[in-house]
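Residues in the sequence shown are numbered from 1 upward in steps of one, following our numbering. Virtual Cβ for every residue (Gly too), placed ideally from N, Cα, C. Treat the numbers as computed from the prediction; the structure is a model and nothing was measured.
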Amino acid sequence: MSIRPDHWIRRMAEQHGMIEPFEPGQVRTVNGGRVISFGTSSYGYDVRCTRQFKVFTNINSTIVDPKAFDPASFVDIDTDVCIIPPNSFALASTVEYFRIPRNVLTVCLGKSTYARCGIIVNVTPLEPEWEGHVTLEFSNTTTLPARIYANEGVAQMLFFESDEVCETSYKDRGGKYQGQRGVTLPRA
Numbered sequence: 001m002s003i004r005p006d007h008w009i010r011r012m013a014e015q016h017g018m019i020e021p022f023e024p025g026q027v028r029t030v031n032g033g034r035v036i037s038f039g040t041s042s043y044g045y046d047v048r049c050t051r052q053f054k055v056f057t058n059i060n061s062t063i064v065d066p067k068a069f070d071p072a073s074f075v076d077i078d079t080d081v082c083i084i085p086p087n088s089f090a091l092a093s094t095v096e097y098f099r100i101p102r103n104v105l106t107v108c109l110g111k112s113t114y115a116r117c118g119i120i121v122n123v124t125p126l127e128p129e130w131e132g133h134v135t136l137e138f139s140n141t142t143t144l145p146a147r148i149y150a151n152e153g154v155a156q157m158l159f160f161e162s163d164e165v166c167e168t169s170y171k172d173r174g175g176k177y178q179g180q181r182g183v184t185l186p187r188a
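Below, the structure is given as structure tokens:
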């Protein structure tokens, strides 16, 4: 298995629709203003998040249960800059829609710009033949409110290509998050 470089990412996106919309270069300015970079990097792809955030709140004093998650535990916010309370988290979705090839595993890492501010980005691997918008979790590990910027770089995807295709893909298993659009909450 090997990590794939920028020219492979461009080819897979342009010829096979692996990432849509796709930015072939690294974008650092938009309309003359600096942004946290997004697009193709040397060995990955920096994704953006949309303006729709679900910010965790404990207003209902519920128990967080992945088998019976209470959607009322979130406040929905539509904004260019999301403020995450101290020691809390928010969910957002990538702008980009992914179609992962059968012989590829994709891993998501947080960008250093956010990590240096105490903001951790968490997402599970994108398995072979998974497709959809990626639901991202932003954890604010600090004791201060933290900002997340929509439509700017928030995480980097790394693509690992195998010499062999997997025996059973996410699609073959009928994975419960296949084809997800927007922020998707836990499903039992």
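Residue i and residue j look like a contact to me (Cβ under 8 Å); what is the Cβ gap, rounded to whole Å?
i    : j    : result
H133 : Q180 : 6 Å
A150 : L136 : That pair is no contact at about 11 Å.
Let me confirm a value: residue i is counted as buried when at least 16 other C-beta atoms fall within 10 Å, else exposed. Which label applies?
i    : result
D78  : exposed
T106 : buried
Hey, would you say residue i sits closer than 7 Å to residue j, going by beta carbons?
i    : j    : result
Y45  : I9   : yes
G39  : E23  : yes
E131 : R99  : yes
C82  : I148 : yes
I119 : A146 : yes
F74  : K54  : yes
S37  : R28  : yes
V123 : C108 : yes
V35  : E129 : no
Which one of the options has the shortest CA to CA distance from residue i?
i    : options                : result
Y170 : V35, K111 and P125     : P125
T143 : V47, P86, T50 and R28  : P86
D80  : S37, C49 and V64       : C49
F89  : G175, Y97, P21 and D76 : D76
C117 : N140, V104 and Y97     : N140
Just grab the DSSP bridge partners of residue i for me.
i   : result
F69 : Its beta-bridge partners do not exist; DSSP assigns none.
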